[in-house]
Structure formats: structure tokens, C-alpha cells
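Peer 1:
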Amino acid sequence: MTAGQYVAAAYGVVFVFVLVYVAIIAAKLVRLQRETTELLALARGREAAVRRDAAPPGEAPGEA
Amino acid sequence: MTYLTDVAALTRKDLRVELRARDTLPAMLLFVLSTLVVFHFALPEGTGDNAAYGLLWVAIVFTALLGLARAWVPEQEHGVLDGLVLAPSDRSAIWLGKTLATLAFLVAAQVVALPAFVVFFAPLDLTALAGVLLADIGICAVGSLMAAMAAASRSREVLLPLLVLPLAIPLIVGGVGAAISPEGERYLLLLALYDGVFAVLSWASFEYVVTE
Amino acid sequence: MSTSSIRTLPGLAALAAGLMGFALFLAFFVAPEAAIEGVRQRIFYIHVPIALTAYFCFGLGAWKALLLLWRGDERYDLESYVAIHQGTIFGALTLITGSIWARTSWGVWWAWDEDQLVLFLVLFLFYCAYFMLRFSLEEGPRRARSSAVYGLFGVVLIPVSFLAVRLAENLIHPTVFTRDGPQMTGVMFATFCIAWAALTLLAYVLYRVELAGKRIDANLRELREVLG
Numbered sequence: 091m092t093a094g095q096y097v098a099a100a101y102g103v104v105f106v107f108v109l110v111y112v113a114i115i116a117a118k119l120v121r122l123q124r125e126t127t128e129l130l131a132l133a134r135g136r137e138a139a140v141r142r143d144a145a146p147p148g149e150a151p152g153e154a
Numbered sequence: 005m006t007y008l009t010d011v012a013a014l015t016r017k018d019l020r021v022e023l024r025a026r027d028t029l030p031a032m033l034l035f036v037l038s039t040l041v042v043f044h045f046a047l048p049e050g051t052g053d054n055a056a057y058g059l060l061w062v063a064i065v066f067t068a069l070l071g072l073a074r075a076w077v078p079e080q081e082h083g084v085l086d087g088l089v090l091a092p093s094d095r096s097a098i099w100l101g102k103t104l105a106t107l108a109f110l111v112a113a114q115v116v117a118l119p120a121f122v123v124f125f126a127p128l129d130l131t132a133l134a135g136v137l138l139a140d141i142g143i144c145a146v147g148s149l150m151a152a153m154a155a156a157s158r159s160r161e162v163l164l165p166l167l168v169l170p171l172a173i174p175l176i177v178g179g180v181g182a183a184i185s186p187e188g189e190r191y192l193l194l195l196a197l198y199d200g201v202f203a204v205l206s207w208a209s210f211e212y213v214v215t216e
Numbered sequence: 055m056s057t058s059s060i061r062t063l064p065g066l067a068a069l070a071a072g073l074m075g076f077a078l079f080l081a082f083f084v085a086p087e088a089a090i091e092g093v094r095q096r097i098f099y100i101h102v103p104i105a106l107t108a109y110f111c112f113g114l115g116a117w118k119a120l121l122l123l124w125r126g127d128e129r130y131d132l133e134s135y136v137a138i139h140q141g142t143i144f145g146a147l148t149l150i151t152g153s154i155w156a157r158t159s160w161g162v163w164w165a166w167d168e169d170q171l172v173l174f175l176v177l178f179l180f181y182c183a184y185f186m187l188r189f190s191l192e193e194g195p196r197r198a199r200s201s202a203v204y205g206l207f208g209v210v211l212i213p214v215s216f217l218a219v220r221l222a223e224n225l226i227h228p229t230v231f232t233r234d235g236p237q238m239t240g241v242m243f244a245t246f247c248i249a250w251a252a253l254t255l256l257a258y259v260l261y262r263v264e265l266a267g268k269r270i271d272a273n274l275r276e277l278r279e280v281l282g
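Just so you know, the sequences run in chain order A, B and C. Using my numbering, the first residue of the first sequence is number 91, and each one after it goes up by one. Using my numbering, the first residue of the second sequence is number 5, and each one after it goes up by one. Using my numbering, the first residue of the third sequence is number 55, and each one after it goes up by one.
In C-alpha cells form, the structure reads like this:
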């Protein structure tokens, strides 16, 4: 390997490290997105349950 | 004055426990002597004395690690550490007591090992011995703190050498240098600097490591 | 780190990218080629700044550790950990680029009488053990404090190790390889400084990104506990 190729290798290693970092962050974002959708579903479920409980009891049998 | 009496009491406790149990010091002694014999076979014919001095230091460091690992075991097993921590004395006294006790064991093991080394391998002059003593202090000081850190973990036997070895490198440089270099005093100065800085740091930070 | 400060992050990252581009341009097209060393001297523009950046990260980690022990605020634990994590990554890069430099300069992949490299190896081992310590302790104030104390020991180890490595040189073997100290012209020095600034800023941006990611993780975990 010529000296120039070694120089390129040195700079290249740094570049690759940064790109690997980007890949790791991308994976993390995927995981975070999954978490937030799950939590959103949980929150929506909670909200619906709260609204059901808050509704006055007289109305429900009338509708049915 | 109560601080020093606390320290003395803690050191005495460890020494007395050892005198009764007699498991740490004989283990350290046997370990260091066996290691020296192994080194004889490990060094090829014609290797100079310098290699022997290097290996002496490897033996010392690993013997110290053995002693340090054993020093905290009784505390961890019998929950004594929690009791000591709750006691009204300054917690750094625990560290000082442990360090002095471990130092005593290490020096005791060396009282046998160093003459053996001189007989098997090469002479040790006064500078070399001063180096050994200074490095002993350094390794016991830093090692006691690291052992306390590792004591809380599941893998403490593996963790302690990992934590101590990088910190021991300046000590090995100092010790070997004191033994073989014509300018041994410089290395003693390095050891003294190390001891001063790290002993104070260990003493001051012990409290943070053991409290919950 | 309040949430408002995260707004500056994209700007900082863009600045880092710009500085880095400028530094690369300077390093390869503007800086004169050193007479004796030739093209391999250009590794200098990335190797030394990375080493300095690693020291910066370890220093930042130690500073956050000190704040944790002093003020007792738990958030410094994560900040210290992330800083040291960055430092270790840059430390690994230092060793790799340093090894490449050794290979081009002297034909060997490692040189025990290269002070800086050996010092870095010792530190690298020390900080690798930091992660071993963290992984084997239960999460909590005890782990935070032990990590902080260990991180502080690291920066104290830097000067002591430096002295030791210097002294050890005389023991290992007489200096055979002499580093051709580049007589830096003004342009070379400017290039070096820009590269240094770019890499330090890059490290800082990565630090903030990782920290934000970990904080989001923690918040989501808490949210899950509240909802679940």
C-alpha cells in the first residue's frame, strides 16, 4: 500500500465510524417509533375507558 | 484522635480475623512463591536479569490482587459492611483500615518472597526495595477503593483485576525502573507522586462509593 | 439539559459538517506537502485532533462526574456516561489512526516508544473497564457514584501515566524511531486548528445526540409505567 492509500484509510475509518453511528441511531429511531405507537394505543385505550366511565348511567340503557 | 483510633480498631479487626482464619496470607505466600518458580521455567535460557525484575512485578501485582479480593469477602458475606457504614465514624476510616490491613498482608508475603527472588534470580538493592514498598502502598490504596466498588457487583472476582490493572501500570513502571535503572530515584519519585495523589483521592472518594 | 437547548442541535451539527468539509478541503488541497514525510503527514490533521477530542470527552465526563458527586443531581450520571462513551469511541479511533500512521512512518503497526500511543492504550483500557464496572452494577445511586469516582480517577491517571510512559521509554529500548516533528507553516497550523475545532464540535454534537436519545428512552419508560 502506498502512503497515500494509508492516508485515505485513516480518514476512511473515521468516516465509517460516523456512518455506523448513524446506522445505530436509525435503529434506535425505529425502536422509539414502535414504543410511541404502542404507548399511543395505550393512551387512547385509557382515554376511551375514562370517557365511558364518565358518561351518565341513564343514557346508556335509553340508547340500547 | 477518634478518627485514628477508629482506623486502628478496623485494622486490628482485619488482622485478628486473618490470624484466626489464616486463609489469606498463606494463599498469598504460596501464590507468589509458585509464580516465581513458574517464571523460572517461563524465562528461556540466557535471558538477562531485567526480565526477571519485570516478572517480579507481575507476581507482586497479582499477589496484591489476591489479597485485595479476599479483603472484602468477609464484609460482603456477613453484611458487615452495612454495619460499618452505619457506624458513626467517618467512612473513609473503613478504607484506611482496609488499606493498612491489606498492606500488612502484602508486606508479610513479600518478606518471604523477596529473599526467595534474590536467591532464585537476581539481587535487589535498597532503591528496588524502596520501590517495592512505595508501590505496595499505591496498589493497596487504589485497590481497596476498587475492591469496594467491585464488591457490590455480581462479577466481582473478574471485575477487580480489570479495574486495578490499568491503574497499576504506572506502579509497575516505577517498580521495575527503581530496580534496574541507574537513575532509580526518578522512579521512586514517580511512585511517591502516584501514592500521594491516588491515596488522597481514594481516601476522599471512598465515602461516595459505599453509601447507598 | 433543558428541552429548549435541543433546538440548537441541528444548527451545531450543520456547523460541524461545514467545518469538517472546510478542514478536509484545507488538509488535502491547501496545506503544503511536508518535504520529508510526503503525503503521509496529512494523517496528522485527523489523528491528533481526534486524540485531543478524546481527551476533551474524558475531561467532560470527569467534570460531569464531579458535578454528580458535588451536587447530587442524578442527571449528571447519564451526561458523564455519554461523555465517557464518546471519549472511548474517539479513543479507539485515535489508536486506529495512530496505528496507521505508525505503519506508514515506520512500517510497523505499533511502536512502544511512541509516548502518546502507549499513553492512549493505557487510558483506553482504563475506560473500557469503566463500562465493565457499569454493566456489572445494579442501576441506582451507588452505580452512579462509583462510575463518577472511577471517571475522576481516569483524568488524574492521564498526567501520572504520561510521566510513567515517559520514564518507561528509557527502560524498554533506546529511542530508535524519531518522529519527524513537522515544522509547521502557518497554513499547516491553521489547517490543524480548523480540523481540531471540527472534530471537537463533532464529538459534542454526537454527545448531545446520544444524550437526547437516552433521555427519550427514559421518558418513554416512565410514560409506560404511568399508562401501563
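Glycine included, each C-beta is placed from N, C-alpha and C at the ideal position.
1. Drop a sphere of 10 angstroms on the beta-carbon of proline 127 (chain B), count the other beta-carbons inside from all chains shown, and report buried for 16 or more, exposed for fewer.
2. Valine 106 (chain A): buried (16+ other C-beta within 10 angstroms of its C-beta) or exposed?
3. Name the chain C residues that come within less than 7 Å of leucine 65 (chain B), Cβ to Cβ?
4. To the nearest angstrom, report how far apart valine 263 (chain C) and threonine 245 (chain C) are at their CA atoms.
5. Provide the residue(s) that pair with alanine 88 (chain C) in DSSP beta bridges, ordered along the chain.
6. Is valine 21 (chain B) closer than 7 Å to glycine 101 (chain B) when the C-beta atoms are compared?
7. State the DSSP-derived secondary structure class of tryptophan 76 (chain B), mapped to helix, strand or coil.
8. Determine, using beta-carbon pairs with one atom in the stretch 161–170 of chain C and one in the stretch 181–201 of chain C, whether at least three such pairs fall under 8 Å.
9. Give me the Cβ distance between aspartate 199 (chain B) and alanine 145 (chain B), rounded to the nearest whole Å; I'm assuming they're in contact under 8 Å.
10. Which parts of the stretch 120–193 of chain B are runs of the alpha helix (DSSP H), unbroken and 4 residues or longer, counting only runs that do not cross its ends?
11. Rounded to the nearest angstrom, how far is the Cβ of leucine 69 (chain B) from that of leucine 164 (chain B), given a contact under 8 Å?
12. Could you name the residues of chain B that alanine 183 (chain C) contacts, counting a contact when the two beta carbons are closer than 7 Å?
13. Rounded to whole angstroms, what's the CA-CA distance from leucine 167 (chain B) to valine 259 (chain C)? Just pull it up for me.
14. With H, G and I counted as helix, E and B as strand and the rest as coil, what does DSSP make of alanine 145 (chain A)?
15. When you compare each of C:Ala137, C:Arg188 and C:Val210 to leucine 265 (chain C) by their alpha carbons, which one comes out closest?
16. Establish whether the CB of valine 214 (chain C) and some CB of chain B are separated by less than 7 Å.
17. Is it right to say glutamate 133 (chain C) is buried, meaning 16 or more other beta carbons lie within 10 angstroms of its own, or is it exposed?
18. In whole angstroms, give me the CA-to-CA distance for proline 236 (chain C) and glutamate 87 (chain C).
19. What do you get for serine 200 (chain C), buried or exposed, if any count of 16 or more other CB atoms within 10 angstroms of its CB means buried?
20. How far does the alpha helix (DSSP H) with glycine 152 (chain C) in it extend, from its first residue to its last?
21. Please give me, in chain order, every unbroken run of the alpha helix (DSSP H) with length at least 4 that falls completely inside the stretch 93–148 of chain A.
22. Pick from C:Ala67, C:Arg94, C:Ala198 and C:His139: whose alpha carbon is nearest that of arginine 129 (chain C)?
23. Can you give me the start and stop residues for the alpha helix (DSSP H) that threonine 62 (chain C) sits inside?
24. Going by beta carbon distance, what residues of the same chain come within less than 7 Å of arginine 220 (chain C), once the five residues before and after it are set aside?
25. At a CB distance below 9 Å, what residues from the stretch 176–189 of chain B approach chain C? Give them in sequence order.
26. Of all the residues that make up the stretch 78–95 of chain C, which are near chain A by a beta-carbon distance shorter than 8 Å?
27. Measuring CA to CA, which of B:Leu33, B:Val42, B:Ser206 and B:Leu133 is closest to valine 180 (chain B)?
28. Listing by chain order, which chain A residues have their CB less than 9 Å from the CB of histidine 101 (chain C)?
29. Which residues, taken in chain order from the stretch 99–126 of chain A, show a beta carbon closer than 8 Å to some beta carbon of chain C?
30. Can you check which of these residues, B:Val204, B:Met150 and B:Gly135, is closest to tyrosine 184 (chain C) by C-alpha distance?
31. With distances taken Cα to Cα, identify the nearest neighbour of alanine 98 (chain A) among C:Cys247, C:Thr158 and C:Leu66.
32. May I ask you to report which of helix, strand or coil DSSP gives glutamate 279 (chain C)?
33. Under three-state DSSP, which class holds valine 230 (chain C)?
34. Looking at isoleucine 97 (chain C): is its Cβ nearer than 7 Å to the Cβ of tryptophan 155 (chain C)?
35. For glycine 123 (chain B), which residues in the same chain have their Cβ closer than 7 Å to its Cβ, ignoring the five residues on either side in sequence?
Peer 2: Taking the structure as given:
1. Exposed: under 16 other Cβ atoms inside 10 Å.
2. Its Cβ having fewer than 16 others within 10 Å, valine 106 (chain A) is exposed.
3. Before going further, note that residue 65 (chain B) is valine rather than leucine in the sequence given. Those within 7 Å of valine 65 (chain B) in chain C number zero; the least Cβ separation is about 14 Å.
4. Using only the alpha carbons, I get a separation of about 27 Å.
5. When beta bridges are read from the DSSP output, alanine 88 (chain C) appears opposite C:Gly92.
6. The Cβ-Cβ distance between glycine 101 (chain B) and valine 21 (chain B) does not fall below 7 Å.
7. In the displayed model, tryptophan 76 (chain B) falls within a helix according to three-state DSSP.
8. Too few Cβ pairs lie closer than 8 Å, so no.
9. The pair is a contact, with the Cβ atoms about 7 Å apart (cut-off 8 Å).
10. Segments of the alpha helix (DSSP H) lying fully in the stretch 120–193 of chain B: 130–155 and 160–184.
11. Yes, leucine 69 (chain B) and leucine 164 (chain B) are in contact; Cβ-Cβ is about 6 Å, under 8 Å.
12. What alanine 183 (chain C) touches in chain B: Leu166, Leu167 and Pro170.
13. Pairing leucine 167 (chain B) with valine 259 (chain C), the inter-Cα distance amounts to about 30 Å.
14. Here alanine 145 (chain A) carries a coil assignment [DSSP, helix/strand/coil].
15. Of all alpha-carbon atoms in C:Ala137, C:Arg188 and C:Val210, the one lying nearest the alpha-carbon of leucine 265 (chain C) is that of C:Ala137.
16. Taking Cβ atoms only, chain B reaches closer than 7 Å to valine 214 (chain C), which makes this a yes.
17. By the C-beta density criterion, glutamate 133 (chain C) is buried, having at least 16 other C-beta atoms within 10 angstroms.
18. Any reading at proline 236 (chain C) must be qualified, since the residue scores a pLDDT of 48, below 50, and its modelled position is unreliable; no value is offered.
19. It counts as buried.
20. Here the alpha helix (DSSP H) through glycine 152 (chain C) covers 129–160.
21. Those alpha helix (DSSP H) runs which fall completely within the stretch 93–148 of chain A and span 4+ residues are 93–144.
22. Among C:Ala67, C:Arg94, C:Ala198 and C:His139, the Cα nearest to that of arginine 129 (chain C) belongs to C:Ala198.
23. Segment: none, threonine 62 (chain C) is in no alpha helix (DSSP H) and carries neither H nor E.
24. Contacts found: Asp169.
25. Contacts with chain C (Cβ-Cβ distance below 9 Å) from the stretch 176–189 of chain B involve Ile176, Val177, Gly178, Val180, Gly181, Ile184, Ser185 and Glu187, listed in chain order.
26. The stretch 78–95 of chain C vs chain A, Cβ under 8 Å: Leu78, Gly92, Val93 and Arg94.
27. Looking at the Cα atoms, B:Leu133 is the closest of the given residues.
28. Proximity of chain A to histidine 101 (chain C) at the Cβ level (cut-off 9 Å) is accounted for by Ala100, in chain order.
29. Going along the stretch 99–126 of chain A in chain order, one finds Ala99, Ala100, Tyr101, Val103, Val104, Phe107, Val108, Tyr111, Ile115, Lys118, Leu122, Glu125 and Thr126 with a Cβ nearer than 8 Å to chain C.
30. A check of alpha carbon separations from tyrosine 184 (chain C) across B:Val204, B:Met150 and B:Gly135 identifies B:Met150 as the nearest.
31. The residue with the shortest Cα to Cα distance from alanine 98 (chain A) is C:Thr158.
32. Reduced to three states, the DSSP call for glutamate 279 (chain C) is helix.
33. Only weak support is given to the placement of valine 230 (chain C): the predicted model assigns it a pLDDT of 34, under 50, and the value that follows is read from those uncertain coordinates. The three-state reading of DSSP puts valine 230 (chain C) in coil, since its state is none of H, G, I, E or B.
34. For isoleucine 97 (chain C) and tryptophan 155 (chain C), yes; Cβs fall inside 7 Å.
35. Correcting the residue type first, residue 123 (chain B) is valine in the shown sequence and not glycine. The same chain holds no residue with a CB closer than 7 Å to that of valine 123 (chain B) once the five nearest residues on each side in sequence are set aside.
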